[in-house]
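Those letters in the sequence shown? Residues 0 to 337, per numbering that gives the first Met the number 0, in order. Glycine is no exception: its CB is placed at the ideal position from the N, C-alpha and C atoms. What follows is a set of notes on a single structure, which appears directly below.
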Amino acid sequence: MAQVTALMEEERLNVTALHPQHDELTPAQYPPLSRSSSPAIEINNLVVSYGKRRAIEGLTLVVPRGSVYGLLGANGAGKTTIIKTLLGFRPPNGGSVRVLGYDVVRQRLEVCARVGYVSEENSLYTYLTIPQICAFCRDTSRQWHQDIVDRYLRLFDLPGNAKIGKLSKGMRMQLALCLALGNDPDLLLLDEPTAGLDPIARHTFLSTLVGDIASEGKTIFFSSHILADVEAVADWVGILRSGRLVLSGELDTLKQTHKLVRVTYAELPPESELDALRALPGVVNVEQEGRSVRLRVRGDADALATSVQERPYALRDVEVVNLNLEHIALAYLMEGRP
Ligand code: ATP
C-alpha cells in the first residue's frame, strides 16, 4: 500500500480513512483494478477552505496519463492542500476532483488502491526496521509487490535491516518512495520530494523518477519550490499563486509561447512609444533601460517582432530571446508583488 506514509502522517490528524478498511471490504471483495483511459487527474472548479479562509479558489486542472507534472508555487500557495484533496484527506468545499477516473469523495478506496504518496513531512515510524515497515505495508495493502520495493531499495543502496530512525532525511525520502511504489501505483503524488536533499541524493531521486518510474508509464504529480528540479524532470508544469492556477501547460509549449523580444532604438524612445508597445497584442510586460527595451511576450513573438519593426522609430536591433522555466515561472510567481 503506497499510502502508508500518508497514513502515518494523517494519523496525527486523526485521519484514518485511508487505512485498509478491512471492515469495509475483504481483499477478495475488492473490485478488479481497471486501467481506464481517463486523465490521471481532473480537477474542476475546486474550492477548498480552512474555516473561513479559502486556500484553493476555483481551480481547474487536467493532468494527462503518463505525464510528469510539476506544480510550482510559493509558500502557502496551496500545493499541499491540492495533494491532500487528491488523496481524499480534505473534502472539497466546491467543485469536483477525479483521480484515475474515480471521484475522490465517493470512490476513495479506488483512488487509494492506485495511488502512491510521499508526503512533505515523510513521517515514517522511526522505531521500525526497513523489513518491518515493508511487512506492515504488505499487510495493510490491497496488493503488494515486494520485488518492486526490493528493486528500488537496491537502486538507492539503502541498508537492508536498518531502523528507520537511523536513516538520514534523504534516505527516508528514498525509502518513502520505495514504499509508495509497493502497490505498483498508476499515479504517484509527491509533496516537495527533493526538499532538503543533498545534490547527489536529489540527482539520484530525480533520475529515478524519470529514468525508471516515468518510463514505465506511471503518472507523476509533484510539488516543488525548486525551479531547476521541475525543469529537469517535468513535461507538464503548473504555477499556483494564492490558491489559483495562473499557468498550466506542456513545458515545451510554454517555452514556445513565452519569449522575450529585445529592442534597441537608435534614440531614446518617448514614453508614448513605450505605451504603444504595451498595447501590442501578446505583450505582458515592458522594461526599459535607456535605448534598450525588453518586451515579455505571450504568444507569437516573431509576429510581435515584425510589428515592432514597423513602428515609426529608427531601430538598431530587434532580437527574439528564448526563456527557460525559471524566467517564465518567476514572472508569474512575482506578478502583483511590490
Ligand atoms: P508550502 O510550500 O509552505 O508547504 P503550500 O503551497 O503547500 O505551502 P498549503 O500548505 O496548501 O500551501 O497552505 C495553503 C494555505 O492554507 C496557507 O495559507 C495555509 O496557511 C493554509 N492552511 C494549510 N493548512 C491549514 C490548516 N490545517 N488549517 C488552517 N489553514 C491551513
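Whole-number beta carbon distance between residue j and residue i, since they are thought to touch under 8 Å
{"i": "Ile55", "j": "Val98", "result": "So it is not a contact: roughly 16 Å between Cβ atoms."}
{"i": "Ala300", "j": "Val319", "result": "5 Å"}
{"i": "Tyr151", "j": "Leu176", "result": "7 Å"}
{"i": "Ser222", "j": "Leu70", "result": "5 Å"}
{"i": "Ile238", "j": "Tyr331", "result": "5 Å"}
{"i": "Leu85", "j": "Val67", "result": "Contact doesn't hold; Cβ gap of about 16 Å is too wide."}
{"i": "Arg119", "j": "Ala194", "result": "It should be pointed out that residue 119 corresponds to Glu in this sequence rather than to Arg. Yes, Glu119 and Ala194 are in contact; Cβ-Cβ is about 7 Å, under 8 Å."}
Beta-ladder partner(s) of residue i, from DSSP
{"i": "Ile42", "result": "Leu60, Val96"}
{"i": "Leu329", "result": "Answer is none; Leu329 lacks a bridge partner."}
{"i": "Arg295", "result": "Leu259, Asn284"}
{"i": "Phe220", "result": "Tyr68, Leu188"}
{"i": "Tyr312", "result": "Its beta-bridge partners do not exist; DSSP assigns none."}
{"i": "Arg52", "result": "Tyr49"}
{"i": "Val317", "result": "Val262"}
{"i": "Asp102", "result": "Arg97"}
Chain C contact for residue i (CB, 9 Å cutoff)
{"i": "Pro192", "result": "Here there is only one protein chain, and chain C is not present."}
Closer than 8 Å: residue i CB and nearest ligand 3 heavy atom
{"i": "Ser247", "result": "Absent from the structure shown: ligand 3. Ligands present: ligand 1."}
| message | Whether or not the region 63 to 70 and the region 214 to 223 are in contact is what I'm after, with contact meaning three or more pairs of Cβ atoms, one per stretch, closer than 8 Å; do they touch? | response | yes
| request: Pair every Cβ in the region 183 to 190 with every Cβ in the region 112 to 130, then say whether three or more of these pairs are closer than 8 Å. | output: yes
| Enumerated in chain order, which unbroken segments of the alpha helix (DSSP H) with a length of 4 residues or greater are wholly contained in the region 150 to 181? | 168 to 179
| request: Ignoring anything shorter than 3 residues or poking outside the region 220 to 248, list the beta strand (DSSP E) runs there in chain order. | output: 235 to 240
| Are there three or more Cβ pairs, one per stretch, closer than 8 Å when the region 314 to 331 is compared with the region 226 to 238? | yes
| message | Across the region 202 to 210 and the region 167 to 176, are there enough close Cβ pairs to call them in contact, namely three or more that are closer than 8 Å? | response | yes
| field | Three CB pairs or more closer than 8 Å across the region 157 to 164 and the region 129 to 149 | value | yes
| task | Within the region 104 to 130, note down every full beta strand (DSSP E) run reaching 3 residues or more, in order along the chain. | result | 114 to 117
| request: Would you be able to state if there are at least three C-beta pairs under 8 Å between the region 290 to 300 and the region 259 to 270? | output: yes
| query | Per the contact definition of three or more C-beta pairs closer than 8 Å, is the region 263 to 281 in contact with the region 233 to 248? | reply | no
| request: Mind the definition here: the region 138 to 145 touches the region 77 to 92 only if three or more C-beta pairs lie below 8 Å; say whether that holds. | output: no
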